[in-house]
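Structure first, then comments.
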Amino acid sequence: MSGHTEGTDAGASGGTGNSGAAGGNVRLLDEALAQARAENRAALVGYLPAGFPTVDGGIAACTALLESGCDVVEVGLPHSDPVMDGPVIQTADTIALEGGVRIADVLRTVREAHAATGKPVLVMTYWNPVDRYGAGRFAEELAAAGGAGCILPDLPVEESEGWRKAAEHAGLGTVFVVAPSSQDARLARITAAGSGFVYAASLMGVTGTRESVGAEARELVERVRSTTDLPVCVGLGVSNPVQAAEVAAFADGVIVGSAFVKRLLDADTLAAGLDEVRQLAADLAEGVRR
Amino acid sequence: MPSDYFIPDPEGQSPSAAGYFGAFGGKFIPEALVAAVDEVAAEYEKAKADPAFAAELDDLLVNYTGRPSALTEVTRFAEHAGGARVLLKREDLNHTGSHKINNVLGQALLTKRMGKPRVIAETGAGQHGVATATACALFGLECTIYMGEIDTERQALNVARMRMLGAEVVPVASGSRTLKDAINEAFRDWVANVERTHYLFGTVAGPHPFPQIVRDFHRVIGVEARRQVLERTGRLPDAVAACVGGGSNAIGLFHAFLPDTGVRLVGFEAAGHGVASGEHAATLTAGEPGILHGSRSYVLQDDEGQITEPYSISAGLDYPGIGPEHAHLKDSGRGEYRPVTDDQAMRALRLLSETEGIIPAIESAHALAGALDLGRELGPEGIVLVNLSGRGDKDMDTAARYFGLLDGAEGERA
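Protein chains in written order, with the working numbering: chain A, 1 to 290; chain B, 1 to 414.
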């Protein structure tokens with residue numbers, strides 16, 4: 001574990017054409033989603049928490065996802081109180097926190113996964129760790145690490161202005177989550193404030209795998225599209241290639257988290273877990289191309 | 001017809017439209033809950049404007065809860081408080097044994113108005129859970145209560161009470177396995193079942209409008225007590241004292257005294273094994289501003305915003321957050337907040353029991369311990385009003401172990 005944060009990661013190599021003054025890779029995210037659209041398929045977005053099962057193991061796993069078919073990865077910044085997460089991600093967060101994961105480790109995960117693959121990497125976390133660290137400082141350091149943006153599911157659009165200014169200044173995207181319960185007027189307000197893509201929650205609930213992805217998701221995607229040209233990616237409950245193909249038929253991207261986490265949790269060794277997540281990423285990548 | 005018991009703040013000291021008390025409050029919730037929280041706020045505004053709502057709540061508070069609650073002067077106890085007069089607001093005498101029923105009945109009526117058939121709630125000591133299970137039995141609502149695993153053990157009597165009332169009690173094994181984690185789990189349930197479920201939040205924390213709604217339903221405590229103290233003593237008290245976990249009984253007592261600038265508002269937080277030990281739940285003493293459970297307030301957290309695990313012998317105060325209005329009262333200087341250790345609280349619990357024949361809840365005993373100090377500071381001319389927020393029946397197992405009250409057992413502390 002790397003202990004305390006020591007300054008910024010400004011000296012880190014970006015690994016790609018990340019030379020804009022603002023630093024962050026939001027354009028890389030836009031390009032990745034546009035590329036998928038150009039290929040007439042949905043993008044595959046994977047999620048794994050940093051520090052799980054270890055910091056280096058997490059870096060290897062995030063890199064494996066990007067090398068094996070994910071177009072984008074969301075790196076989770078583990079939180080003590082993950083109220084939007086089901087038992088699988090809660091367990092991974094607890095393992096990471098008990099292992100002593102720090103924000104510096106999360107930033108290193110972003111930097112190394114991006115540097116190894118040249119693909120866009122986001123951070124997903126709750127608002128308090130970012131607020132406590134300092135929104136401006138966090139945005140600058142995430143951008144310097146080559147990050148493309150942030151997803152903050154408990155920061156509603158009404159409270160988000162300070163963060164969005166910091167993110168924009170750093171060249172980072174802000175991805176908002178919308179839910180089947182979001183009314184149309186709110187959807188318009190949220191999508192107007194967001195960038196990168198819109199994260200459409202497929203159902204009312206916390207993260208975790210589900211038997212099926214309901215009709216709610218398709219209806220929500222349609223309602224979102226009437227408010228914005230941003231790509232719409234669907235998450236929550238997607239765990240297998242059949243579901244991925246189903247969602248890919250109406251969305252611009254498919255987000256898979258708990259299913260990857262579960263592969264790592266259930267594996268006897270890290271190497272076996274990495275094999276499992278590579279296989280799943282490849283299968284899902286095939287799914288979004290059906 | 002004005003209500004005698006439902007008295008939402010008449011001074012216009014409601015939070016801002018965005019739910020802020022000064023720098024604290026707000027609404028930090030996932031998008032999936034925004035519509036539900038907004039629905040609660042809208043229904044509450046409609047209910048406030050509806051005389052039938054106040055009339056129904058008044059009837060329940062009088063004929064079911066037993067309001068007004070008594071005001072008891074405790075002279076033998078006060079001999080240990082520097083001779084100051086000590087008066088107890090007897091919320092322990094309410095039906096279900098604590099102040100919690102005030103808020104629960106109000107929100108249960110809101111639940112009915114919203115047409116939702118199911119209620120969920122968190123509970124620490126079990127008092128809010130028991131009150132919620134009670135109201136659900138009364139109104140025929142489905143009821144699920146989330147309670148930290150540690151708390152289901154130390155408050156086993158209340159678990160049995162909730163189940164007797166027909167509620168499902170779900171022990172929560174994540175995190176610190178106490179109140180904080182029970183709230184996390186209740187939020188997860190709410191997100192998944194929000195269409196038919198009301199989250200009957202139990203304290204003056206959480207996202208707007210809960211800090212305002214819960215406060216308004218508890219304002220009756222201070223409104224009654226202020227009138228009763230004036231009648232009894234001919235003047236206002238010098239200080240009003242209450243324990244603070246999330247802060248519902250304290251805000252209920254304090255609020256009617258806010259304009260009385262000569263009356264000190266003093267909250268007593270759980271210092272556990274002492275603030276210096278790191279094993280405590282003294283959020284306003286040792287915490288810093290942050291976001292927990294949907295609002296900005298003081299929280300116990302590390303340097304990277306991870307919430308740290310609190311500790312208190314009292315399950316009801318074992319919480320790393322605090323309602324945002326208390327945070328505002330602290331920063332504005334209108335409120336004072338002090339730490340009280342486990343040992344101080346348990347000594348006060350025993351003292352009130354032996355001098356007055358009243359066994360308080362361990363939570364309330366924190367306020368009693370604080371009142372002993374306040375009385376000594378004020379001297380014989382002083383008057384201290386204490387909110388006796390709950391009765392101690394539920395705590396007899398903990399107290400028996402602490403004091404060695406059972407035959408053949410040795411106390412943990414003598």
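Using N, Cα and C, we set each Cβ at its ideal position, and we do this for glycine too.
Inset, instruction - Leaving out five residues on either side along the sequence, give the residues of the same chain with a beta carbon under 6 Å from the beta carbon of LEU406 of chain B. - result: Excluding residues within five positions, the ones whose Cβ falls inside 6 Å are ALA400.
Inset, instruction - Return no unless some Cβ of chain B is closer than 8 Å to the Cβ of ARG102 of chain A. - result: Yes - at least one Cβ of chain B is within 8 Å of the one on ARG102 of chain A.
Inset, instruction - Name, going along the chain, the residues of the region 154-183 of chain A whose beta-carbon falls closer than 9 Å to a beta-carbon of chain B. - result: Going along the region 154-183 of chain A in chain order, one finds ASP154, LEU155, PRO156, VAL157, GLU158, GLU159, PHE176, VAL177, VAL178, ALA179, PRO180, SER181, SER182 and GLN183 with a Cβ nearer than 9 Å to chain B.
Inset, instruction - Please check if any C-beta of chain B sits within less than 8 Å of the C-beta of GLY51 of chain A. - result: No, GLY51 of chain A lies away from the interface with chain B (no Cβ there is under 8 Å from its Cβ).
Legend entry - chain A residues whose Cβ lies nearer than 8 Å to that of VAL172 of chain B: From the beta-carbon of VAL172 of chain B, no residue of chain A is found nearer than 8 Å; the closest lies around 11 Å away.
Inset, instruction - Could you tell me the boundaries of the beta strand (DSSP E) in which PRO129 of chain A lies? - result: Where PRO129 of chain A is concerned, there is no enclosing beta strand (DSSP E), although the alpha helix (DSSP H) it sits in stretches over 127-133.
Inset, instruction - Output yes if chain A places a C-beta closer than 8 Å to the C-beta of ILE421 of chain B; else output no. - result: With chain B represented from 1 up to 414, any question about residue 421 of chain B goes unanswered, as that position is not in the structure.
Legend entry - Pairwise C-alpha distance: ARG41 of chain A and LYS180 of chain B: In this structure, the alpha-carbon of LYS180 of chain B lies about 43 Å from that of ARG41 of chain A.
Legend entry - Proximity winner among B:GLU195, B:ILE313 and B:VAL191, relative to VAL83 of chain A (alpha-carbon distances): Taking only the C-alpha atoms, the option nearest VAL83 of chain A is B:VAL191.
Inset, instruction - Would you give the residue range spanned by the beta strand (DSSP E) that HIS366 of chain B belongs to? - result: That residue, HIS366 of chain B, is in no beta strand (DSSP E); its alpha helix (DSSP H) goes 362-378.
Inset, instruction - Would you please verify whether the beta carbon of LEU97 of chain A is less than 8 Å from any beta carbon of chain B? - result: Cβ-Cβ to chain B under 8 Å: yes for LEU97 of chain A.
Legend entry - Backbone secondary structure at LYS165 of chain A - three-state DSSP: Collapsing the DSSP output to three states places LYS165 of chain A in a helix.
Legend entry - Distance between ASP131 of chain A and ILE151 of chain A (C-alpha atoms, nearest Å): The alpha-carbon atoms of ILE151 of chain A and ASP131 of chain A are separated by roughly 13 Å.
Inset, instruction - Taking a Cβ distance cut-off of 7 Å, strictly less, list which residues of the region 107-129 of chain A are near chain B, in chain order. - result: The residues in question are TRP127, ASN128 and PRO129.
Inset, instruction - Mind checking which residues open and close the beta strand (DSSP E) that includes ARG347 of chain B? - result: For ARG347 of chain B, there is no enclosing beta strand (DSSP E); the residue is part of the alpha helix (DSSP H) that begins and ends at 342-356.
Inset, instruction - For my contact list, LEU155 of chain A and PHE28 of chain B are in at a C-beta cut-off of 8 Å; report their separation, rounded to the angstrom. - result: Right, their Cβ atoms sit about 7 Å apart.
Inset, instruction - Go ahead and label ARG186 of chain A buried or exposed: buried means 16 or more other beta carbons lie within 10 angstroms of its beta carbon, across all protein chains shown. - result: Buried, since its Cβ has 16 or more Cβ neighbours within 10 Å.
Inset, instruction - Can you grab the Cα-Cα spacing for the pair THR341 of chain B / HIS273 of chain B, in whole Å? - result: Using only the alpha carbons, I get a separation of about 6 Å.
Inset, instruction - Determine, using beta carbons only, whether LEU107 of chain A and ALA167 of chain A come nearer to each other than 8 Å. - result: Judged by their CB atoms, LEU107 of chain A and ALA167 of chain A are not nearer to each other than the 8 Å cut-off.
Inset, instruction - Please name the residue in A:ALA148, A:SER181 and A:ILE95 whose C-alpha comes closest to that of PRO120 of chain A. - result: Nearest C-alpha to PRO120 of chain A: A:ALA148.
Inset, instruction - For PHE24 of chain B, collect the residues of the same chain with a Cβ closer than 6 Å to its Cβ; drop the 5 residues on either side in sequence, then sort them by chain order. - result: Sequence-distant Cβ neighbours of PHE24 of chain B in its own chain, meaning closer than 6 Å and more than five residues away, are ARG296, SER297, PRO324, ALA327 and HIS328.
Inset, instruction - Determine the closest residue to ASN63 of chain B out of B:TYR5, B:ARG113 and B:GLY83, with distance taken between C-alpha atoms. - result: Comparing Cα positions, the closest option is B:TYR5.
Inset, instruction - Thinking GLY498 of chain B and LEU292 of chain B are a contact (beta carbons under 8 Å), I'd like their distance in whole angstroms, please. - result: Beyond the ends of chain B as shown, which are 1 and 414, falls residue 498 of chain B; an answer cannot be given.
Inset, instruction - Could you name the residues of the same chain whose beta carbon sits closer than 6 Å to that of ALA43 of chain A, not counting the 5 residues immediately before and after it, in chain order? - result: Cβ neighbours of ALA43 of chain A beyond the five flanking positions: LEU33, ALA36, ASP71 and GLY253.
Legend entry - Three or more C-beta pairs below 8 Å linking the region 101-112 of chain B and the region 373-381 of chain B: Cβ pair count under 8 Å is below three, so no.
Legend entry - Residues sharing a beta bridge with MET147 of chain B, DSSP: Partner(s): B:THR123 and B:PRO171.
Inset, instruction - Identify the continuous alpha helix (DSSP H) that holds LEU65 of chain A and give its terminal residues. - result: Residues 55-67.
Inset, instruction - Please say whether ASN387 of chain B and LEU253 of chain B have beta carbons closer to each other than 8 Å? - result: Contact: yes.
Legend entry - Neighbour flag for ASP131 of chain A against chain B, beta carbons, 8 Å: So, interface residue.
Legend entry - Alpha carbon of GLY206 of chain B to alpha carbon of PRO289 of chain B, nearest angstrom: Going by the C-alpha atoms only, they are around 14 Å apart.
Legend entry - chain B contacts made by the region 193-214 of chain A, where a contact means CB separation under 7 Å: Those would be ALA201, MET204, GLY205 and VAL206, in chain order.
Legend entry - Euclidean distance between Cα positions of VAL244 of chain B and ALA250 of chain B: Taking the straight line joining both Cα atoms gives about 6 Å.
Legend entry - Run of the alpha helix (DSSP H) containing THR191 of chain A, from where it starts to where it stops: Annotation for THR191 of chain A: the continuous alpha helix (DSSP H) segment containing it runs 184-193.
Inset, instruction - Could you tell me whether the Cβ atoms of THR191 of chain A and GLY257 of chain A are closer together than 8 Å? - result: Cβ distance not < 8 Å, so THR191 of chain A and GLY257 of chain A don't count as in contact.
Inset, instruction - Provide the residue span of the alpha helix (DSSP H) that contains TYR402 of chain B, from first to last. - result: Per DSSP, the continuous alpha helix (DSSP H) segment holding TYR402 of chain B begins and ends at 396-403.
Inset, instruction - Identify the contact partners of ILE307 of chain B in chain A, using a Cβ-Cβ distance below 7 Å as the criterion. - result: Going along chain A in sequence order, the residues near ILE307 of chain B (Cβ under 7 Å) are SER80 and ASP81.
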